[in-house]
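> Residue numbers (our numbering), protein chains in the order written: chain Z, -17 to 607; chain F, 2 to 402; chain D, 13 to 260.
Built from N, CA and C at the ideal position, the CB exists for glycine as well.
Keep in mind it's a predicted model, so treat the numbers as computed, not measured.
#1: Does residue 123 of chain F come out as helix, strand or coil in the three-state DSSP assignment?
#2: How is the beta strand (DSSP E) around residue 172 of chain F delimited, first residue to last?
#3: Does DSSP put residue 367 of chain F in a helix, in a strand, or in coil?
#4: Measuring only the C-alpha atoms, how far is residue 185 of chain F from residue 225 of chain F?
#5: List the residues of chain F whose Cβ lies closer than 8 Å to the Cβ of residue 326 of chain Z, in chain order.
#6: Does the beta carbon of residue 491 of chain Z come closer than 8 Å to any beta carbon on chain D?
#7: What residue from D/109, D/126, D/183 has the CA that sits closest to residue 95 of chain D's CA?
#8: Would you verify that the beta carbon of residue 26 of chain D is, or is not, closer than 8 Å to some beta carbon of chain Z?
#9: List the endpoints of the continuous beta strand (DSSP E) containing residue 30 of chain D.
#10: Using the Cα positions of residue 29 of chain D and residue 137 of chain Z, report the straight-line distance between them to the nearest angstrom.
#11: Identify the contact partners of residue 124 of chain Z in chain F, using a Cβ-Cβ distance below 8 Å as the criterion.
#12: Touch check for the segment 200 to 218 of chain D and the segment 128 to 142 of chain D: three-plus C-beta pairs under 8 Å?
#13: Return no unless some Cβ of chain Z is closer than 8 Å to the Cβ of residue 128 of chain D.
#14: To the nearest whole angstrom, what separates the beta carbons of residue 533 of chain Z and residue 404 of chain Z, a pair I think is in contact under 8 Å?
#15: Which term fits residue 164 of chain F, buried or exposed, when burial requires 16 or more other beta carbons within 10 angstroms of its beta carbon?
#16: Starting from residue 428 of chain Z, follow its DSSP beta bridges and name the residues at the other end.
#17: When the Cα atoms are used, what is the spatial distance from residue 128 of chain Z to residue 233 of chain D?
#18: Which of helix, strand or coil does DSSP assign to residue 139 of chain Z?
#19: To which residues of the same chain is residue 109 of chain D closer than 6 Å at the C-beta, ignoring the five residues directly before and after it?
#20: Below 7 Å on C-beta distance, what does residue 180 of chain Z contact in chain F?
#21: Could you name the residues of the segment 220 to 254 of chain Z whose beta carbon sits closer than 9 Å to any beta carbon of chain F, in the order they occur along the chain?
#22: Comparing the C-beta of residue 473 of chain Z with each C-beta of chain D, is any distance below 8 Å?
#23: Under 9 Å Cβ-Cβ, which residues of chain F neighbour residue 1 of chain Z?
#24: Return the chain-ordered ranges of every alpha helix (DSSP H) run that is complete within the segment 61 to 118 of chain F and spans a minimum of 4 residues.
#25: For my contact list, residue 229 of chain Z and residue 145 of chain Z are in at a C-beta cut-off of 8 Å; report their separation, rounded to the angstrom.
#26: If you check the beta carbons only, do residue 70 of chain F and residue 87 of chain F fall under 8 Å apart?
#27: Does the distance from the CB of residue 184 of chain Z to the CB of residue 431 of chain Z come in under 8 Å?
#28: Output needed in chain order: residues of the segment 208 to 219 of chain F with a Cβ under 8 Å from some Cβ in chain Z.
#29: Taking C-alpha atoms, which residue in Z/260, Z/388, Z/305 lies nearest to residue 424 of chain Z?
#30: Determine, for residue 76 of chain D, whether the minimum Cβ-Cβ distance to residues of chain Z falls below 8 Å.
#31: Note down, in chain order, every chain D residue with its Cβ under 7 Å from the Cβ of residue 470 of chain Z.
#32: Can you tell me whether residue 605 of chain Z is buried or exposed? The criterion is at least 16 other CB atoms within 10 Å of its CB, across all chains shown.
#33: For residue 25 of chain F and residue 298 of chain F, what's the separation of their Cα atoms in angstroms?
#34: Per DSSP, what kind of secondary structure is residue 151 of chain D in: helix, strand or coil?
#35: Name the DSSP bridge partner or partners of residue 18 of chain D?
#36: How long is the line joining the alpha carbons of residue 525 of chain Z and residue 418 of chain Z, rounded to whole angstroms?
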């Protein structure tokens, strides 16, 4: 790279950092104050682009039309944010941690289908910005003047936010709430109003970030998920709740991407390395590095210890043997009475049930939320496939060894993850999942690249779908039983104790990190078993099994069923898989219907399905007594 | 948008009627169709319309083997695991005779492998990956669409003619872009010894950092560019490249960019002079295409996209296979598919016995801009059979049995 | 009486602010030593250096003659140091008995098992400890629902579970009703004397301090300004200045 191209790539990086910063700043604000992991933030960004596109069409491609469209689109998205907060989130603030994530996930599904319905499936290429539609020459190279404008907008927004936060009463409240949520309640501030206003501000930023992209990016239906991961990464790399940190992180990641592209393919000692392929994962590599060195991001602070835990987790109750046996009997009998497809769907459900139970184990009782649990599911599946195809092992051996391989990865990833806590830990698990995904995705000669591994079918004696279902039921059933057993063992109690009070655990001689690390490996191996069983049931495995979507599915299953009960994740896995199958078959806009159903569940059962039903049953009993 | 529901409702009503009707009325022949409708709606909504149009026509003409035709469609969520599950559902619950459809390569390959395991016919509609019929080919899988290799090969003569020395390449970083790039480099090097590939940019699908990519390509000072971008990536690349002057005096070749799905959104910014494969729907005057467009526009009040042709032709292939086989027996269907010849809006095609690839061709031409819209100029139709490697090469790639 | 804990020349600074400077004292077996001082005097810093949560910049901490500086809290616990916290730290989702059992299992090194059922072992031992602190009747309840004073008792039972030589109690009666405070500390003092446990505690309630402590040391702005029996401290001029209209 010449000096001039280095400079231009720097400017390119800064220009793309600008919108990333706006979106992330909004996300950071919302998280800081409300502690909500707002999955729908990317959808708000997407609405910003669509809104700007339509408004420019209406107001005309004049400077006035363009800029008023951008501002109006941002404000409209702000109102959409308020609606989401008032209609949905406000009703579930008292739910267990992360439950709101489920609600925002449902909102993502609904918004995506609304956008499809309203704007159609085709990409909408917006106009260039009037007055900024030409390029400027710098050192003999041309760069769009709009990019330079974007570079300037970033710091301006940062300054405005800084003034708002430091010079206004609202800002003082936001900062106080970010530091210590209880204090604001104690000060007698109307918390609902504060939350709504923060949601408005965060959504406006997301909408503005989107609207400003319209001259650079066509409005399309994939934008929501494309931006949300980046926005989370930037928020976390910068430090949760730190606007300045988000700014730094956005620049760091924007520029790093531009340079990966600028460097292109290089030859090092005869080894050809393509930096452009690194763009697939560079933000996650940066996040992993930053979190390993700085556990609270670049400018984040350790969160104030909550004086009283929000709501102590209720004690766990073990399912009785009688119940377990009844259920097993039902599950064994199903293929005898139901049609073939029910067996196939149940095989999926059984695999996802073990996947969800292993995730629940780590995020519920062990208190370590994983956003990247698909890593172990997928790596287990790949291990099974590769041991079978590449190493030529018999299918049975591959199935048994796969969990060990997944566990081996969990040994490495877990060692780093248990050093962090809260959302930082969750995001580091996501980083490792994405790094695994990108390697699998890229390593054509070994993993089959984006196509995956084909032809991994079970041995002849298991080829029959019903037989395979029984195998899956046995493997996953034993896996689940084992995990539950462990929860009530001294080891499991230690994990729960460590979640309740790390301080006390240390003070009674417990090496909490060691125990948590072991738990990581354990659930990694069992998620790997689920993945291996899944792989052989499908005959092929592709990188989707390690994708963010797969990890998200796991979270949705656990939260849907209820994180505070043992059977919740199983019910969640069953309902989610069945619902998707059923809804997708019956309606065109199945995503919106799916989102709607989840929203109804969220609003009716803020403890998840099983938690909610248990509470109902209890109330009924009390009334009878 | 609601046609599918209406169709399903209509089919259900028909089924109810036929049950209540006079004895002898037979149940419809069901074919299972699965696709990533929500992941690639820009291509697949027109595709679905093409499918429905074909079904209407077939049934209006009396159906197949004296029975009505019914396509049961499912969304595979763009995920091979889900695809295999819905394929199972179609076969075991819906009782479909065989499978058609799929869009992304990995889903196509997974369903193909599943078809082999279940020993049922699978006609892949849109997946472009060469592996589907070659390295991972199997006796049960046939593919309609002009593959990555074929489309790339169709652009090679123009590329050779220009005799440019320094080539830069940009592609979406997954199977399709990777194999397009590999095929292009191989074919061009063979025809034009001494050609240099001076830069290669792999952009994450749907997330291209267009400004930086354009700059990096410009830094390599190429004489020509080969791109396999499409959709939003293409739109971003075109705009950034134009603004930064990348395309000035540089020849650009771009697979698929002439397909209305990807060309039309560019409107007046469609890049003039690019060499592309695509679908100049308004200018094709063959009778078979004219009939198709007329029927399509009459039914939907909209012009067809390439997806419409693919959806329509896939159904026709399925119907012709059944007619030729004279039964729904898998062995007979597969035997019928091999060497099956029929008409499509793009003319006659044949499913080659050697690798089960159809010879459906594609339109090659250059992009022009007229009345604020992009269109294909100087186009010609290339028959698919002229864009395939020699039989020896194919035999070497395709596993025996 | 032999010194169980011996502290010599302890120093700790945070970013230039000397939080604890040259603090030395000893606690003997069976002795109740109160560490008092106004807010911000450095009591908690001092405490956290004794059980390993903070490491001192300078100084020696000996437990029964063994240097424990630089050891982790969990290692120090294994050497026989029990701890209660200013804000109670118990396992809220576990039962009262289970909380105590956790400490007992840990003491016996039996927490690693993944297959045994937790709770069968050390039941009687746990109940014995609970009855000593007067919590046996609530053994089945979940800690999360207990009153604050009861949590303090559970903490005490947990702290006693490893038969400690030294008990570190940071504000053990904070948040309790006055009557409860004296009762809890009387209980502690009784146990300490009976078992020969050295107890170091900080406390705001002077009634509790002067009625229960055998000896008192006074910390002000990081430095020890006085030490002696309750009577001596009561009459110490320097202490009076600090507490009654000194420079604070």
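With the given structure in hand:
#1: DSSP places residue 123 of chain F in strand when its eight states are reduced to three.
#2: It spans 167 to 173 - the beta strand (DSSP E) in which residue 172 of chain F sits, taken as one unbroken run.
#3: Looking at residue 367 of chain F - three-state DSSP - the assignment turns out to be strand.
#4: Taking the straight line from one Cα to the other gives about 13 Å.
#5: Correct list: 86, 89, 90, 93.
#6: True, the Cβ-Cβ gap to chain D drops below 8 Å.
#7: The residue with the shortest Cα to Cα distance from residue 95 of chain D is D/183.
#8: Chain Z contact via Cβ: absent.
#9: Under the DSSP assignment, residue 30 of chain D falls in the beta strand (DSSP E) whose first and last residues are 29 to 40.
#10: As the crow flies, the alpha-carbon of residue 29 of chain D is around 36 Å from that of residue 137 of chain Z.
#11: For residue 124 of chain Z, the neighbours in chain F by C-beta distance under 8 Å run, in chain order, 244, 245, 246.
#12: Contact between the segment 200 to 218 of chain D and the segment 128 to 142 of chain D is absent, because fewer than three Cβ pairs lie under 8 Å.
#13: By this cut-off, residue 128 of chain D is an interface position.
#14: About 17 Å separates the beta carbons of residue 533 of chain Z and residue 404 of chain Z, which is beyond the 8 Å limit, so they are not a contact pair.
#15: It counts as exposed.
#16: Partner(s): none; residue 428 of chain Z has no beta bridge.
#17: Between the C-alpha atoms of residue 128 of chain Z and residue 233 of chain D there is a straight-line separation of about 59 Å.
#18: For residue 139 of chain Z, the three-state secondary structure derived from DSSP is helix.
#19: Take residue 109 of chain D, set aside five residues on each side of it, and the residues of its chain with a beta-carbon closer than 6 Å to its own are 138, 151, in chain order.
#20: Simply none; closest approach about 29 Å.
#21: So the close ones are 236, 239, 240, 241, 242, 243, 244, 245, 246, 247.
#22: The beta carbon of residue 473 of chain Z falls within 8 Å of a beta carbon belonging to chain D, placing the residue at that interface.
#23: Result: empty, since nearest Cβ-Cβ is about 12 Å, beyond 9 Å.
#24: Counting only runs of 4+ residues, the alpha helix (DSSP H) found wholly inside the segment 61 to 118 of chain F occupies 81 to 89, in chain order.
#25: Wrong, their Cβ atoms sit about 14 Å apart, outside the cutoff.
#26: The answer is no: Cβ separation not under 8 Å.
#27: Against a cut-off of 8 Å, the Cβ pair of residue 431 of chain Z and residue 184 of chain Z comes out as no contact.
#28: Result list: 208, 210, 211, 212, 213, 214, 216, 217, 219.
#29: Taking only the C-alpha atoms, the option nearest residue 424 of chain Z is Z/260.
#30: No, residue 76 of chain D lies away from the interface with chain Z (no Cβ there is under 8 Å from its Cβ).
#31: Contacts between residue 470 of chain Z and chain D, judged by CB atoms closer than 7 Å, involve 129, 130 in chain order.
#32: In the assembly as shown, residue 605 of chain Z is an exposed residue. Its beta-carbon has fewer than 16 other beta-carbons within 10 Å.
#33: Here the model assigns residue 25 of chain F a pLDDT of 41, short of 50, so the residue's position is not dependable and the matter cannot be decided.
#34: For residue 151 of chain D, the three-state secondary structure derived from DSSP is coil.
#35: By DSSP's assignment, residue 18 of chain D forms a beta bridge with D/38, D/74.
#36: Between residue 525 of chain Z and residue 418 of chain Z, the C-alpha separation is close to 9 Å.
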